[in-house]
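Comments concern the structure below.
Protein chains in written order, with the working numbering: chain D, 858 to 1199; chain X, 16 to 247.
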């Protein structure tokens, strides 16, 4: 499946999910500072990986789109709730080419909208009982519960590193953090939930863990690389923003391990002051160091190896399933993760 | 058959192209060592996290769930068994051996033979743990129920054999104290089968922790560790 067709298919699943999201938003007051803002991020048009992976896995394993639709809505609602809270926590300025919600309103309102989106995420899970039956709906609920727990734990790890200006991180620390913060909710659980629904609970979902993990890590590393070198307009976030924010990326960890002591002191000094006091020119110096020390090349190669691992897992798991468009779609998503430019 | 051959040939070509695309710009000798290092490190982290999750889940389960209710529900029990299986297999075997195989396979995705091998090797040894939730007194019995599910394409014969229950200070309880029902059966593809394991503690049994292994004579990779604690 070529990239264009893959994007069309993902977009179609995303559009259907978005339509359903609108159906869950209450039509009542308070509109201006709550309900009208709930669809603000979903309407900006994300990549739609999570609902796409969930629905595609469901169909590849023999299920129907309708059966995975509520779970896909839940995933997308929770994802957008995480984004809003993430943006506040990271003090980010842009999301999907527009000001972040806390920039366009304020932090208090944005946090409250994020809370409401999390609450709204429960509704499709309740509706799952009608479509999937009590047993399967409960299994999906348990998947979501684990997904949220892992995500907040991963976020806590990263926020702690920033607060403490932690410098002695290893690659394994980074992998653990993105497994918890990103992989479970971006790839592992969407795949697991789709497969559980598609097989009517007969699959051992743990079989999808490595596939989702390799996909998620390569996706995140590539995302972090693009934050430094992508075309800003396509990417939709400020280029180099991660350096200013002090995000512990694989490139930063690699750089801190491979720069000399004088450079390390400069980097730590840069991160010891609040974000608004950090000089963008110094951030660019850190970016230059990342280039000169091979940190960006190292991260790019790591992402490629992980994509290789994801492909191997995919062929192992899916080779026994009948050929289908959705099976091809998942393969194409894996490849897209490494080839994407934004 | 001809159609299958054509299909696999096409797959081989596709895989080679994909690998070339993904690893373009990296020297060939760096690919294997680099990939091995990254994948090994990544898998270790995943396995550690899964193991930590299993331990945490077990603690919570003991706190909030009614164990007797769960035992009555084969599906719930099966989920627990699957978690135990994952823990044992992935921690002690997969993490050590499959990682290396995985990296080697990664460099060889072009051959259909490797793809088929990978699918079968992935299955690995399955060690399931069954244990009493509370110490049993001499003369008491406990029944475990779990479900076997066949997810391969062909039928699978299963025939159980069991050891005695080995306890402290060289003491043991004869294997006849363990009754498995059914002791032999054939699972068709996608079929589920409920298995009952009943342990009757002899009235003369000495206190302590006893272990027995239940295995499948038809499949050396399947093993069940049965642990029974006998109260004083």
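The C-beta atom is built at its ideal place from N, Cα and C for all residues, glycine as well.
Being a predicted model, the structure only gives us computed values, none of them experimental.
- Of all residues in the segment 1144 to 1163 of chain D, only 1158, 1159, 1161, 1162, 1163 come within less than 8 Å of chain X when Cβ atoms are compared, listed by chain position.
- A straight-line Cα-Cα distance of about 15 Å links residue 68(X) and residue 1045(D).
- Residue burial annotation: residue 193(X) is buried, with at least 16 other C-beta atoms found within 10 angstroms of its C-beta.
- Residue 65(X) has a beta carbon lying within less than 9 Å of a beta carbon in chain D.
- Under DSSP, the beta-bridge partners assigned to residue 209(X) are 162(X).
- Nearest to residue 151(X) by alpha-carbon distance, out of 197(X), 178(X), 246(X), 179(X), is 246(X).
- At a cut-off of 9 Å between beta-carbon atoms, residue 1039(D) makes no contact with chain X.
- Take the alpha-carbon of residue 1112(D) and the one of residue 1147(D): they are about 6 Å apart.
- If you compare the alpha carbons of 1196(D), 934(D), 966(D) with that of residue 896(D), the shortest gap goes to 934(D).
- Contact between residue 929(D) and residue 956(D) does not hold, since the beta-carbon distance rounds to 27 Å and is not under 8 Å.
- Not a single C-beta of chain D is nearer than 9 Å to the C-beta of residue 191(X).
- Nearest to residue 176(X) by alpha-carbon distance, out of 195(X), 219(X), 226(X), 244(X), is 195(X).
- According to the DSSP assignment, residue 862(D) belongs to the alpha helix (DSSP H) that extends over 860 to 881.
- Annotated as proximal: residue 1054(D) and residue 997(D), with beta-carbon spacing under 9 Å.
- Taking a cut-off of 8 Å for Cβ pairs, the segment 882 to 902 of chain D and the segment 1154 to 1167 of chain D do not touch, as fewer than three such pairs fall below it.
- The Cβ-Cβ distance between residue 1181(D) and residue 916(D) falls below 9 Å.
- Contact between the segment 967 to 978 of chain D and the segment 1010 to 1017 of chain D is absent, with fewer than three C-beta pairs closer than 8 Å.
- Here the alpha carbon of residue 158(X) sits roughly 40 Å from the alpha carbon of residue 1071(D).
- Shown here, residue 1130(D) sits in coil according to DSSP, grouped into three states, outside any helix or strand.
- Between the alpha carbons of residue 148(X) and residue 244(X) lies a gap of roughly 9 Å.
- Counting only runs of at least 4 residues, the segment 974 to 1005 of chain D fully encloses the following alpha helix (DSSP H) elements, listed from N- to C-terminal order: 979 to 989.
- The CB of residue 1028(D) comes closer than 7 Å to the CB of 56 in chain X, given here in chain order.
- By the criterion of a C-beta distance shorter than 6 Å, residue 993(D) is surrounded in its chain by 1058, once the five residues flanking it on both sides are discounted.
- Around the beta-carbon of residue 1007(D), 16 or more other beta-carbon atoms lie within 10 Å, marking it buried.
- The C-alpha of residue 233(X) lies about 6 Å from the C-alpha of residue 173(X).
- DSSP places residue 1037(D) in the helix class (H, G or I) of the three-state scheme.
- Distance from residue 1195(D) to residue 910(D) at the Cβ level is roughly 16 Å; contact not present, criterion being Cβ atoms closer than 8 Å.
- Counting the other CB atoms within 10 Å of its CB gives residue 1037(D) a total of 16 or more, which places it among the buried residues.
- If you check the CB distance, residue 1049(D) and residue 61(X) do not come in under 9 Å.
- Residue state for residue 956(D) is assigned as strand, using DSSP reduced to three classes.
- Burial check for residue 885(D): the Cβ neighbour count within 10 Å stays below 16, so the residue is exposed.
- Counting along the chain, the unbroken alpha helix (DSSP H) around residue 1080(D) starts and ends at 1066 to 1086.
- In the DSSP annotation of this structure, residue 167(X) is not part of any alpha helix (DSSP H), being labelled neither H nor E.
- DSSP places residue 893(D) in the helix class (H, G or I) of the three-state scheme.
- Counting other Cβ atoms within 10 Å of its Cβ, residue 1137(D) stays below 16 and is therefore classed as exposed.
- It is roughly 8 Å from the alpha-carbon of residue 1086(D) to the alpha-carbon of residue 1097(D).
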